[in-house]
Amino acid sequence: MVDCISDSDDSAKFEWESDNEAEPSSAPVLRNFDAPGPSTDANGWANGDAPSTSLVEEYVGMGFPKEMVLKAIKEIGHNDANALLELLLTYKVLGEDPTVGNCSTLGCAPQSVEDDDDGDLDSEDWDDEDDADGGEPNFDSSGDEDFLQEMSEHDKKIKSLVDMGFPEDESNMAIVRCGVDAALTVLVDSIYASQAAGDCNSRNSSHHEVCDSFGGRRNKKKRKQYGGGAQGNRPSECHEELMPLPNPMVGFSLPTARLPSVSRRLPKQATGPPFFYYENVALAPKGVWTIISRNLYDIAPEFVDSKYMCATARKRGYVHNLPIENRSPLLPLPPKTIFEAFPHYKKWWPSWDPRRQLNCVQTCVSSAKLTERIQCALARSGDPPPLHVQKYVMHECRKWNLVWVGKNKVAPLEPDEMEYLLGYPRDHTRGIGKTARYKCLGNSFQVDTVAYHLSVLRDIFPNGLNVLSLFTGIGGGEVALHRLGIHMKTVVSVEISEVNRRILRGWWDQTQTGTLIEIPDVQSFTSDKIRSFIRRFGGFDLIIGGSPCNNLAGSNRHHRDGLEGEHSSLFYHYPRILDTVKDVMAGM
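Just remember that my numbering sits 1003 ahead of the position in the sequence shown, which is counted from 1.
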């Protein structure tokens, strides 16, 4: 199970991050202009902080008033173009009313710059607008139509690039460099040129290896394109081709749609035993899926967006050697729309919100300050609100999966609602803190999707099976097998998070009669331990899991280093362990 950046898990050594299609941005640090500091010029700029004229004109050209641009730059600086653009969008909506920051006249709570109850979330996962203080001047709103047209084109280009797998900040910078009218091919070339200049040159040319100390021997013939050696050298994504993602992302088949039949021939070395199933985020950096595929017997990934299975999107790639014929879905089929899943929200849903499905569930949710700000903006507007207010609200609703819970009132999903959307039993994660529940669920499998793929095992193992579960998370694979009616005789679970292990153990004790063995760290799962378990249980029938995605996900703007990243490099333990299991079982 993909385990990504954590926002609050003191027991885990790593911080995982979810790959969200709706990406949060880094929170800017507020400046205290009353505190003593460096000397300033006649315009109030500290030494070295004054923005260039071309930078200001760039944003003025997008339709923002010059005074607004200067105020935003004074507020958060000009180093983060994405954060600056989002703050300007917020000003555009909220800055036109002199009562901004004093919503009490409309029955709204006053704005506050103090942290809310969820302030212990990692700041990297938080929205930046929420920390901008109120009290903005009344900017001239003329030229809104030109601004909206310009920004609409800008947003379309950003969305197209993000859908192609590029991070939002790099996409935005490419548009800043090349202009909003530049063709997508020009923008893609600009991003690749920037990555090649910045990433490839900074990486160590002698790529890491999975240590030989584990005692496992790799299939040299299979790995020969990586330079030989017992473990093989890791390739750099910089030199790998981009694996195209299908559109629509429907995999080899869907339970409720007639798709063209797909046949595939697996390489001989990929055939079982055991069956294996690997998962990670689809929108990974260039070359990642090519490397994953090559390390897993050159099997082509099956890319699936869970929005075709349920009411929430979740774009994932799956590499497996399971049969693809005679799949069957979990019954009853999950709801496919927001209103089917949560009909009570329909009462307050405005006609100008066209959403019928939710974006990818994240590891964190919006702050109370953002939802209050949205409520204030809507309370000042008519019904329906002006287009620029609708645009602002819809941007935040899509970004944070906000739902309508009252008149002009939005709120994030509750943990039990996320459990329902992802196919887990109610209260599966209950008993830990709310923030930790969001994190666990944001990192988990979508159970209905995984169960559809695993359903072929039901007839193959009528008497149950032994499972090796790597990067188990909260047990999405185990829940899927259980809901399919497949008995798990033994599960050896490898999971570093103590919170996740506690959730899995609590569910297991309530629902299962088999044996659960827990191992805390994949790096300590040596070949000797693997051989011992195989001798003890007679082998593994299924190896399932997905390595950490925090260096792959688009939401990780600071450490999106691909499979060379500190945490996502743990992927290489999956093929190491798989090879060892296959070798030992072949010799039995």
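Where is the CB? At the ideal position from N, CA and C, for every residue including glycine.
{"Asked": "Below 8 angstroms on the Cβ atoms is my contact criterion, and I expect A1075 with L1087 to pass it. Report the Cβ-Cβ distance as a whole number of Å.", "Found": "6 angstroms"}
{"Asked": "Could you check the C-alpha separation between S1370 and A1380 for me, to the nearest Å?", "Found": "16 angstroms"}
{"Asked": "Quick one: using the 10 Å Cβ neighbour count with 16 as the cut-off for buried, is G1590 buried or exposed?", "Found": "exposed"}
{"Asked": "Checking 8 angstroms against the spacing of the C-beta atoms, do S1472 and S1496 come in under that value?", "Found": "yes"}
{"Asked": "Taking Cβ positions, are S1500 and S1331 nearer each other than 8 angstroms?", "Found": "no"}
{"Asked": "Have a look at N1298, K1310 and P1326 and flag the residue whose alpha-carbon is nearest the alpha-carbon of R1268.", "Found": "P1326"}
{"Asked": "Note down the Cα distance separating H1157 from V1183, rounded to an integer number of angstroms.", "Found": "6 angstroms"}
{"Asked": "With distance defined between alpha-carbon atoms, name the residue in R1359, G1409 and P1304 nearest to A1314.", "Found": "R1359"}
{"Asked": "Three or more beta-carbon pairs under 8 angstroms between the stretch 1453-1468 and the stretch 1478-1494, yes or no?", "Found": "yes"}
{"Asked": "For the alpha helix (DSSP H) that contains S1535, what are its first and last residues?", "Found": "S1530 to F1540"}
{"Asked": "Can you tell which of I1463, S1354 and A1084 has the C-alpha that lies nearest to the C-alpha of N1329?", "Found": "I1463"}
{"Asked": "Can you give the Cα-Cα distance for V1413 and Q1378, rounded to whole angstroms?", "Found": "7 angstroms"}
{"Asked": "Indicate whether P1263 and D1544 have their beta-carbon atoms separated by less than 8 angstroms.", "Found": "no"}
{"Asked": "How far does the beta strand (DSSP E) with V1408 in it extend, from its first residue to its last?", "Found": "V1406 to G1409"}
{"Asked": "Buried or exposed: H1323, going by 16 or more other Cβ atoms within 10 Å of its Cβ?", "Found": "buried"}
{"Asked": "How big is the Cα-Cα spacing for D1586 and G1476?", "Found": "27 angstroms"}
{"Asked": "Under three-state DSSP, which class holds Y1280?", "Found": "strand"}
{"Asked": "Exposed or buried, T1093, counting other C-beta atoms within 10 Å across all chains shown (16 or more means buried)?", "Found": "buried"}
{"Asked": "Provide the residue(s) that pair with N1469 in DSSP beta bridges, ordered along the chain.", "Found": "T1493"}
{"Asked": "Which residues in the same chain as V1406 place their Cβ atom closer than 6 angstroms to its Cβ, once the five residues preceding and following it in sequence are excluded?", "Found": "Y1348"}
{"Asked": "Going by DSSP in three states, I1522 sits in which element: helix, strand or coil?", "Found": "strand"}
{"Asked": "Give the single residue among Y1575, K1289 and Y1300 whose Cα lies nearest to the Cα of A1273.", "Found": "Y1300"}
{"Asked": "Which residue's Cα is closest to the Cα of G1548: T1432, E1282, C1181 and K1310?", "Found": "E1282"}
{"Asked": "Assuming H1456 is part of the alpha helix (DSSP H), what are its boundary residues?", "Found": "V1450 to L1457"}
{"Asked": "Can you tell me where the beta strand (DSSP E) with E1305 in it begins and where it stops?", "Found": "E1305 to D1308"}
{"Asked": "Do you know offhand how far G1290's Cα is from A1303's?", "Found": "13 angstroms"}
{"Asked": "Along the chain, where does the beta strand (DSSP E) containing S1413 start, and where does it finish?", "Found": "A small correction: the amino acid at residue 1413 is Val; Ser does not occupy that position in the sequence shown. Looking at the DSSP string, the run of the beta strand (DSSP E) that includes V1413 is K1412 to A1414."}
{"Asked": "Just the Cα atoms here: how many angstroms apart are E1187 and L1245?", "Found": "It is Leu, not Glu, that sits at residue 1187 in the sequence shown. Rounded to the nearest angstrom, the two C-alpha atoms are 16 angstroms apart."}
{"Asked": "Tell me which residue opens and which closes the alpha helix (DSSP H) that Y1423 is part of.", "Found": "P1418 to L1425"}
{"Asked": "Can you tell me which residues form a DSSP beta bridge with H1323?", "Found": "Y1280"}
{"Asked": "G1480 lies in the alpha helix (DSSP H); which residues open and close that run?", "Found": "G1479 to R1486"}
{"Asked": "With 16 other CB atoms within 10 Å as the buried threshold, where does K1159 fall?", "Found": "exposed"}
{"Asked": "Quick one: is Q1449 buried, meaning 16 or more other Cβ sit within 10 Å of its Cβ, or exposed?", "Found": "buried"}
{"Asked": "In the DSSP output, what is G1257 paired with across the bridge?", "Found": "Correcting the residue identity first, residue 1257 is Leu in this sequence and not Gly. L1257 pairs with A1260."}
{"Asked": "With DSSP run on the structure shown, which of helix, strand or coil describes T1315?", "Found": "strand"}
{"Asked": "Please return the same chain residues whose Cβ sits closer than 8 angstroms to the Cβ of E1422, not counting the five positions on each side in sequence.", "Found": "P1428, R1429, D1430, H1431, T1432 and L1444"}
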